[in-house]
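**Student:**
Numbering (our numbering), first residue to last: 88 to 433.
Right, here's the structure in full:
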């Protein structure tokens, strides 16, 4: 650990809206599957045997991710709203259903606070990219909070279409827009965004080094980067990899959620350090998200959730069946919920 690594250590038709639009042709975007996740320091990543990552150009992985979210986003929105990410809870809190959406907003606010994003009108971000935008919940929230212009990208045509519909309905279409694009090959010029925001999209990236490089490329000089993502635990100095049982547990999750490769928080920090970024900070927020997956399971066990899940399709059902494994991974310390932030030099 260096002084820069400040470890405070921290689905589903029913589709009442999303499925009532004409099918969208998925553009050809290239998701590299080469494993170049290296840095001058030792970088240990855990490749999983996900069936979707086996093609040489990564197209099966890309299509699998897109189809999973095409299929599941409508149900998620109908039951949980437009923020498709964990909530931030007080440790050991007892939460009710009404607390979950406010906890998701709190996750956004805590991430901004951790990164030191200023509310000062002269210093707050004016341009934002939301990498892995879902149906645009974070984008619209940030655009309203800062009066900023925001671009969102996702592999899912259903998500991009629904996000644009919601932006129009909320009077934000002049400031917020969404498109289908690859996070590993973003359709933006260098240095465009004051804030680069990735809320739980990094886990889907088959090439973590390329992912981080793209985040840095599109950040403006002096811009902030916020990565909130699932990681595996940091390896001990004596370890070359996770234990076999840990890999097996992660594989079960990856095969359901189209996650091609895991890495640790320390791995992300090493990547950022290799690019000479400033003010690198990381935290493990696992204890703050512990109530999330039990809450998702409870919502799936309601009559509305259960009947909608049965209509949703096999990918979503498969993902639902793996939710207890996520809880097990957190409890056993294999999975960590990480926030990593940094600043691009001026």
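No residue lacks a Cβ here, since even glycine has one placed at the ideal position from N, Cα and C.
Predicted model only: the values in this text are computed from it and were never measured.
1. With burial defined as no fewer than 16 other Cβ atoms inside 10 Å of the residue's Cβ, what is the status of residue 200: buried or exposed?
2. Could you pull out every residue in the same chain whose Cβ sits closer than 6 Å to the Cβ of residue 290, ignoring the five residues on either side in sequence?
3. What is the DSSP secondary structure of residue 253, counted as helix, strand or coil?
4. Between residue 278 and residue 304, what straight-line distance do the alpha-carbon atoms span, to the nearest angstrom?
5. Nearest by alpha-carbon distance to residue 246: which of 235, 220, 234 and 257 is it?
6. Quick check on this structure: which residue in 265, 164, 173 and 333 has the alpha carbon closest to the alpha carbon of residue 374?
7. Figure out for me which residue from 372, 371 and 410 has the closest Cα to the Cα of residue 388.
8. In the DSSP assignment, the beta strand (DSSP E) including residue 330 goes from what residue to what residue?
9. Residue 237: which of 225, 244, 243 and 248 sits nearest, CA to CA?
10. Between the C-alpha atoms of residue 384 and residue 243, what's the straight-line distance to the nearest angstrom?
11. Closest to residue 210 by CA distance: which of 311, 376 and 321 is it?
12. Which residues bound the alpha helix (DSSP H) around residue 357?
13. Residue range of the alpha helix (DSSP H) that residue 414 falls in?
14. Nearest CA to the CA of residue 361: which residue from 193, 408, 195 and 300?
15. Could you name the residues of the same chain whose beta carbon sits closer than 7 Å to that of residue 280, not counting the 5 residues immediately before and after it, in chain order?
16. Look at the alpha carbon of residue 161 and the alpha carbon of residue 324, and state the distance between them as a whole number of angstroms.
17. Could you tell me the alpha carbon to alpha carbon distance between residue 427 and residue 257, rounded to whole angstroms?
18. Could you compute how far the alpha carbon of residue 179 sits from the alpha carbon of residue 378?
19. With DSSP as the reference, label residue 370 as helix, strand or coil.
20. Grab me the residues of residue 96's own chain with a C-beta within less than 7 Å of its C-beta, minus the 5 sequence neighbours each way, in chain order.
21. Below 8 Å CB to CB, which residues in the same chain sit around residue 418 once its five sequence neighbours on both sides are set aside?
22. Between which residues of its own chain and residue 190 is the CB-CB distance below 6 Å, once the five residues before and five after are set aside?
23. Since I believe residue 296 is in contact with residue 263 (beta carbons under 8 Å), could you give me their beta-carbon distance rounded to a whole number of angstroms?
**Tutor:** The relevant details are as follows:
1. Residue 200 comes out exposed.
2. Here the set comprises 316, 317 and 346.
3. DSSP places residue 253 within a helical segment (H, G or I) once states are collapsed to three.
4. Separation of residue 278 and residue 304 (C-alpha to C-alpha, rounded to the nearest whole angstrom) is 6 Å.
5. Minimum Cα-Cα distance from residue 246 among the listed residues 235, 220, 234 and 257 corresponds to 220.
6. The shortest CA-to-CA distance from residue 374 to any of 265, 164, 173 and 333 is the one to 173.
7. Measuring from the Cα of residue 388, the nearest candidate turns out to be 410.
8. No beta strand (DSSP E) holds residue 330; DSSP gives it neither H nor E.
9. It is 225 whose Cα lies nearest to the Cα of residue 237.
10. Rounded to whole angstroms, residue 384 to residue 243 spans 24 Å at the Cα level.
11. Nearest to residue 210 by C-alpha distance, out of 311, 376 and 321, is 311.
12. That run of the alpha helix (DSSP H) goes 352-361.
13. 410-418 is the span of the alpha helix (DSSP H), which, as asked, contains residue 414.
14. Taking each of 193, 408, 195 and 300 in turn and checking the Cα distance to residue 361, the smallest one comes out for 300.
15. The answer, listed in chain order, is 214, 215, 216, 305, 306, 307 and 310.
16. About 44 Å.
17. The C-alpha of residue 257 is placed about 30 Å away from the C-alpha of residue 427.
18. Their backbone Cα atoms lie some 8 Å apart in a straight line.
19. Note: residue 370 maps to strand in three-state DSSP.
20. The predicted position of residue 96 is uncertain, since its pLDDT is 31 and thus under 50; a value taken from the coordinates is nonetheless stated next. For residue 96, where only same-chain residues beyond five positions count, the Cβ hits under 7 Å are 370 and 371.
21. Correct list: empty, nothing qualifies.
22. The answer, listed in chain order, is 174, 175 and 176.
23. About 29 Å separates the beta carbons of residue 263 and residue 296, which is beyond the 8 Å limit, so they are not a contact pair.
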